[in-house]
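Asks: This is the structure, below, for whatever I ask next.
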Amino acid sequence: MASTGQFPDLQSVIALVKTLTNAQLKDILRSEALAVSGVKASLQLRIIDFIERLAHTDQTARYDALRKFIYTTANRVMPAVSSTPSYSQYQPPAVSQSISTQPRSSPLSIPIPSLGFTSGRLSFKDSPFYTILEPLTSTVECKVREQTRDSIELKVVLNSTVASRLQTDSNCRVMVYCAADTGLNQYTKSDVAFPHQVELKANLDEVKANLRGLKNKPGTTRPADITSHIRKKPGYQNNIVMTYALTQKKFFVVVNLVQRHPVDDLVAELKARKTISREQVMREMRSRADDSEIVATSSVMSLKCPLSTLRIDVPCRSVVCTHNQCFDASSFLQLQEQAPTWTCPVCSKSTSFESLQVDQYVDDILHSTSTDVEQVVIEPDGTWTTPKSEDTTRANGAPHPTSDDDDLIEVNESGFTPVKQEPVSTTLSLQQTPIQSREPSSAPSAARPSTNKRPAAQVIDLTASDDEEDLPVRPAKRPALNAPSHSFPALPSFSNGYTNGQDFPLSSQTNYSDTPSQLGGYDR
Numbered sequence: 001m002a003s004t005g006q007f008p009d010l011q012s013v014i015a016l017v018k019t020l021t022n023a024q025l026k027d028i029l030r031s032e033a034l035a036v037s038g039v040k041a042s043l044q045l046r047i048i049d050f051i052e053r054l055a056h057t058d059q060t061a062r063y064d065a066l067r068k069f070i071y072t073t074a075n076r077v078m079p080a081v082s083s084t085p086s087y088s089q090y091q092p093p094a095v096s097q098s099i100s101t102q103p104r105s106s107p108l109s110i111p112i113p114s115l116g117f118t119s120g121r122l123s124f125k126d127s128p129f130y131t132i133l134e135p136l137t138s139t140v141e142c143k144v145r146e147q148t149r150d151s152i153e154l155k156v157v158l159n160s161t162v163a164s165r166l167q168t169d170s171n172c173r174v175m176v177y178c179a180a181d182t183g184l185n186q187y188t189k190s191d192v193a194f195p196h197q198v199e200l201k202a203n204l205d206e207v208k209a210n211l212r213g214l215k216n217k218p219g220t221t222r223p224a225d226i227t228s229h230i231r232k233k234p235g236y237q238n239n240i241v242m243t244y245a246l247t248q249k250k251f252f253v254v255v256n257l258v259q260r261h262p263v264d265d266l267v268a269e270l271k272a273r274k275t276i277s278r279e280q281v282m283r284e285m286r287s288r289a290d291d292s293e294i295v296a297t298s299s300v301m302s303l304k305c306p307l308s309t310l311r312i313d314v315p316c317r318s319v320v321c322t323h324n325q326c327f328d329a330s331s332f333l334q335l336q337e338q339a340p341t342w343t344c345p346v347c348s349k350s351t352s353f354e355s356l357q358v359d360q361y362v363d364d365i366l367h368s369t370s371t372d373v374e375q376v377v378i379e380p381d382g383t384w385t386t387p388k389s390e391d392t393t394r395a396n397g398a399p400h401p402t403s404d405d406d407d408l409i410e411v412n413e414s415g416f417t418p419v420k421q422e423p424v425s426t427t428l429s430l431q432q433t434p435i436q437s438r439e440p441s442s443a444p445s446a447a448r449p450s451t452n453k454r455p456a457a458q459v460i461d462l463t464a465s466d467d468e469e470d471l472p473v474r475p476a477k478r479p480a481l482n483a484p485s486h487s488f489p490a491l492p493s494f495s496n497g498y499t500n501g502q503d504f505p506l507s508s509q510t511n512y513s514d515t516p517s518q519l520g521g522y523d524r
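Residue numbering for the sequence shown is 1 to 524, as defined by UniProt numbering.
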């Protein structure tokens with residue numbers, strides 16, 4: 001580390017860089033053989049990062065030369081050396097950029113500032129499933145790429161202590177953390193967020209991980225676990241490459257050594273911490289029942305988890321929730337590990353791992369009932385009963401419906417009149433009315449008068465009941481038009497009939513007993 005007075009005016013030089021124009025910034029970058037592409041903020045950040053790296057590596061001569069060139073470019077008079085605060089009192093910025101012209105030393109050889117393991121000023125929100133032990137790389141900036149793609153590379157070199165720990169502890173993991181630039185990253189904790197179009201490779205192996213999270217829900221993305229792709233050998237250089245495209249803002253990436261906390265350990269922690277006592281639940285229920293403005297009635301509480309639909313093993317709920325319905329702790333934590341939304345599955349209120357507690361009231365019910373009981377009835381005073389132990393009558397005196405099949409399926413035959421059933425008067429009127437029945441007549445077809453019309457299609461009645469044998473038998477129809485010597489009264493003449501629009505007169509005493517040939521039939 002640099003000693004006192006070794007890097008004078010470090011703060012002043014950094015402040016001066018932020019006042020330069022793009023052309024002046026590019027001149028400084030060209031003098032150090034650095035890249036000159038990017039927007040003004042990227043150019044400033046690149047120069048500041050280079051200056052700080054010179055301070056980290058104690059390159060006093062090169063720092064003095066760059067400091068002099070910056071003042072010359074800015075047309076400023078370089079101040080005399082004064083007793084300015086040493087670099088050891090200066091905290092590094094949130095972002096560090098890799099320098100192509102200078103060989104990067106091992107990340108573990110660079111002293112880490114005493115700000116916790118936050119990779120400079122970039123820190124991430126706490127998670128009950130992971131604890132960041134230390135950063136394995138510096139934080140790298142992913143520049144904005146609105147129409148193209150780009151790649152950044154991180155090099156992970158493990159020392160003997162970290163390598164040995166990764167080999168012996170299965171919960172010690174190497175994870176890639178990424179955060180979007182919000183402008184407040186160095187002041188607040190960031191959510192894990194990767195670019196929408198991103199590909200991650202570790203030692204040329206593609207990392208299969210969900211890097212998107214839930215749509216339109218920030219904070220639901222998990223860090224990428226690359227432990228299985230890392231060579232756990234001391235001094236071996238592991239190359240991590242992240243390729244991204246079409247970004248509208250900057251991102252910051254860092255590789256951290258993480259201690260993973262399994263779900264079983266978290267459930268055990270829930271059991272060991274303070275619980276919601278049975279007396280507290282009973283007191284709250286009786287308080288609501290005594291409220292004159294609230295009508296308290298019995299309610300049904302399910303003993304199945306709303307997430308897994310299985311019987312609850314460890315009932316828990318948030319202390320901010322007012323309902324008695326619980327969910328299984330293991331099922332809830334497994335879901336949050338995959339996509340940390342941290343909302344109650346019963347009332348959708350925001351919750352956290354710290355606010356979860358085991359409900360002793362529901363836990364007593366689970367231990368007092370058999371495994372086949374899926375729900376209980378909770379009374380306003382806190383007492384509970386199982387559905388099997390209830391009376392067979394309801395609270396209002398009405399009997400409970402039984403499960404017999406005869407009561408579930410009711411066939412009401414009263415008032416049902418089959419289609420085939422007809423009153424006697426209708427049958428008699430049909431016998432007296434000379435209309436043609438829908439059913440085919442038993443009379444021979446040769447006795448009917450022959451016409452050129454298409455014979456009517458027979459209609460089959462499909463609405464007949466299976467109990468037709470129980471219905472009264474319809475009397476036989478009287479054959480119509482089968483009397484060979486019967487005469488009918490005169491029929492009116494038809495116009496526009498089948499004679500090309502001419503009248504077809506019939507005699508007033510047409511004898512239907514004539515042969516078909518006499519009536520213009522088919523026998524000609």
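The C-beta atom is built at its ideal place from N, Cα and C for all residues, glycine as well.
What you are looking at is a predicted structure, and each value in this text was computed from that prediction instead of being measured.
Classify D359: buried if its beta carbon has 16 or more other beta carbons within 10 angstroms, exposed otherwise.
Replies: D359 should be labelled buried.
Asks: What does a CB cutoff of less than 6 angstroms around Q24 pick up in its chain, not counting 5 residues either side in sequence?
Replies: The answer, listed in chain order, is T73.
Asks: How far does the beta strand (DSSP E) with T131 in it extend, from its first residue to its last?
Replies: From DSSP, the beta strand (DSSP E) with T131 extends over 130 to 135.
Asks: Are there 16 or more other CB atoms within 10 angstroms of the CB of P340, so buried, or fewer, so exposed?
Replies: With 16 or more Cβ atoms within 10 Å of its Cβ, P340 is classed as buried.
Asks: Hey, could you find the ends of the alpha helix (DSSP H) Y361 is sitting in?
Replies: Where Y361 is concerned, the enclosing alpha helix (DSSP H) stretches over 360 to 368.
Asks: Counting beta carbon pairs with one atom in the stretch 241 to 249 and one in the stretch 144 to 158, are three or more of them shorter than 8 angstroms?
Replies: Cβ pair count under 8 angstroms is three or more, so yes.
Asks: Which runs of the alpha helix (DSSP H) spanning at least 4 residues fall entirely within the UniProt domain "SP-RING-type" (290 to 375), listed in chain order?
Replies: Complete alpha helix (DSSP H) runs here, min 4: 329 to 338, 360 to 368.
Asks: Rounded to the nearest angstrom, what separates D191 and E141 at their Cα positions?
Replies: Computed Cα separation, rounded: 16 angstroms.
Asks: Under 7 angstroms from any heavy atom of the ligand FMN, does the C-beta of S12 make it?
Replies: Questions concerning the ligand FMN fall outside what the structure shown contains, since it holds no ligand whatsoever.
Asks: Can you grab the Cα-Cα spacing for the pair V176 / P128, in whole Å?
Replies: Each residue's alpha carbon lies about 17 angstroms from the other.
Asks: In its own chain, which residues sit with a C-beta less than 7 angstroms from the C-beta of V263, not counting the 5 before and 5 after it?
Replies: Around V263: S330, L333, Q334, E337.
Asks: Straight-line CA distance for C321 to K18?
Replies: Each residue's Cα considered, the two are about 50 angstroms apart.
Asks: Using beta-carbon positions only, say whether R76 and V13 come within less than 8 angstroms of one another.
Replies: For R76 and V13, no; Cβs fall outside 8 angstroms.
Asks: Here's the rule I'm using: 16 or more other beta-carbon atoms within 10 Å means buried, otherwise exposed. How should S445 be labelled?
Replies: Below a pLDDT of 50, predicted positions are generally treated as unreliable, and S445, at 44, falls in that range; the measurement from the model is reported next regardless. With fewer than 16 Cβ atoms within 10 Å of its Cβ, S445 is classed as exposed.
Asks: Measuring alpha carbon to alpha carbon, tell me which residue in T57, N22, D58, T60 is nearest R46.
Replies: Answer by Cα proximity: N22.
Asks: Determine the DSSP secondary structure at I48, reduced to helix, strand or coil.
Replies: Helix.
Asks: Quick check on P223: buried or exposed, where buried means 16 or more other Cβ atoms within 10 Å of its Cβ?
Replies: It counts as buried.
Asks: Starting from the Cα of L43, find the closest Cα among A55, L54, R53, R30 and give me that residue.
Replies: Ranking A55, L54, R53, R30 by Cα distance to L43 puts R30 first.
Asks: Would you tell me roughly how many angstroms separate the C-alpha atoms of Q11 and K232, rounded to the nearest one?
Replies: Taking the straight line joining both Cα atoms gives about 40 angstroms.
Asks: What three-state label does DSSP hand Y187 in the structure shown?
Replies: In this structure, Y187 counts as coil in the three-state DSSP scheme.
Asks: Go ahead and pull the three-state DSSP assignment for N203.
Replies: If DSSP states are grouped into helix, strand and coil, N203 belongs with coil.
Asks: By DSSP, does N239 sit in helix, in strand, or in coil?
Replies: If DSSP states are grouped into helix, strand and coil, N239 belongs with the strands.
Asks: Is DSSP giving T385 helix, strand or coil here?
Replies: If DSSP states are grouped into helix, strand and coil, T385 belongs with the strands.
Asks: Which residue wins for smallest C-alpha separation from K249, given the options T275, L20, Q197, D9?
Replies: Selected option, being the one with the closest Cα: Q197.
Asks: Taking the CB atoms as reference points, tell me whether V254 and T131 lie closer together than 8 angstroms.
Replies: No, Cβ-Cβ distance for V254 and T131 is not below 8 angstroms.
Asks: Pairing CB atoms from the stretch 367 to 383 with CB atoms from the stretch 281 to 298, are three or more of them under 8 angstroms?
Replies: With a cut-off of 8 angstroms, the stretch 281 to 298 and the stretch 367 to 383 count as touching, because enough Cβ pairs lie within range.
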